[in-house]
Amino acid sequence: MKQIIIRKITRYIFRNFFPAIAAVLLYIPAAIAISAPATASEEKADAKEADNGELTKENYIAVPPIVATMYHKGRPKGNITVTLLIKLTDSEKRATAKKYLPRLNSAFVMEANRLSHDYFDIRRPVNVAMIGDAFQLVTNRTLGHKQARVLISDVVVNKR
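232 is the number that this note's numbering gives to position 91 of the sequence shown; each next residue is one higher, with no gaps.
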């Protein structure tokens with residue numbers, strides 16, 4: 142009898158809490174790596190390399206993770222988390238994009254909510270290409286040019 146109860150409790154914990162704990166444990170090292178500041182000498186070296194058109198760490202803008210509610214038959218049944226970067230090689234346009242980052246983040250959240258409500262279902266796989274194309278259009282519209290590239294690093298769906 143005790144084994145059955147322990148088995149049920151273990152199954153409940155792994156089904157309900159393990160995906161959330163695993164997602165948090167995966168995001169912590171990524172967040173630390175993205176937000177780690179560079180030294181002054183590294184910034185100067187990166188600036189010189191960026192002017193040559195080579196790809197460096199400074200060419201990417203980190204966007205906070207976008208979270209939207211996932212639905213099934215019109216009812217909320219989970220959420221989707223999208224982690225992405227924006228790649229810009231031109232330093233002037235990168236500075237402008239950093240200024241527009243709150244607008245970009247807001248536009249990404251609105252687009253993710255629209256896609257999750259209208260197109261995605263919690264019971265089916267998420268179309269990551271559709272998310273990338275939609276976010277690319279939002280980025281082009283918000284920044285006013287097509288030099289920025291949206292790079293999706295993670296898409297996580299949590300079911301309730």
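Glycine included, each C-beta is placed from N, C-alpha and C at the ideal position.
Local Cβ density within 10 Å of N200, reported as buried at 16 or more and exposed below that: Position 59 of the sequence shown, counted from the start, is the residue given in the question as residue 200. Answer is buried; the Cβ neighbour count reaches 16.
Out of curiosity, what's the CA-to-CA distance linking K239 and R152? Here the question's residue 239 lines up with position 98 in the sequence shown. Here the question's residue 152 lines up with position 11 in the sequence shown. Going by C-alpha positions, K239 is about 45 Å away from R152.
- Item | Straight-line gap, E233 to P205 (C-alpha atoms, nearest Å) | The sequence position of residue 233 within the sequence shown is 92, counting from 1. The sequence position of residue 205 within the sequence shown is 64, counting from 1. Distance between the alpha carbons of E233 and P205: 22 Å.
Applying the criterion that 16 or more other CB atoms from any shown protein chain within 10 Å of the CB defines a buried residue, is A236 buried or exposed? Counting from one through the sequence shown, the residue named residue 236 turns up at place 95. It counts as exposed.
Exercise for review: Go through its chain and collect everything with a Cβ distance to R290's Cβ below 6 Å, but skip five positions before and after it.
Suggested key: For this step, residue 290 is matched to residue 149 along the sequence shown. Excluding positions up to five away in sequence, the list reads K228.
Exercise for review: Alpha carbon to alpha carbon, how far is Q144 from G273? Give it in angstroms, no decimals.
Suggested key: The count along the sequence shown starts at 1 and reaches residue 273 at position 132. The count along the sequence shown starts at 1 and reaches residue 144 at position 3. Approximately 47 Å, taken between the alpha carbons.
- Can you tell me the Cα-Cα spacing of R301 and R265, whole angstroms? For the purposes of this step, residue 301 is taken as residue 160 along the sequence shown, with counting starting at 1. For the purposes of this step, residue 265 is taken as residue 124 along the sequence shown, with counting starting at 1. When rounded, the separation of the alpha-carbon atoms in R301 and R265 is 14 Å.
Q. Span of the alpha helix (DSSP H) holding H258?
A. Translated into positions along the sequence shown, residue 258 becomes position 117. Start and end: 242-259.
Q) Over what stretch of residues does the beta strand (DSSP E) that includes I227 continue unbroken? A) Walking along the sequence shown from the start, residue 227 turns up at place 86. Where I227 is concerned, the enclosing beta strand (DSSP E) stretches over 216-228.
For T180, the three-state DSSP class (helix, strand or coil) = Counting from one through the sequence shown, the residue named residue 180 turns up at place 39. Its pLDDT being 48, under 50, T180 is placed unreliably by the model, and nothing is read from it.
Quiz item: Using CA coordinates, which residue listed in S294, V267, D295, I202 is at the minimum distance from L242?
Solution: What you label residue 242 is simply residue 101 of the sequence shown in a count that begins at 1. Answer by Cα proximity: I202.
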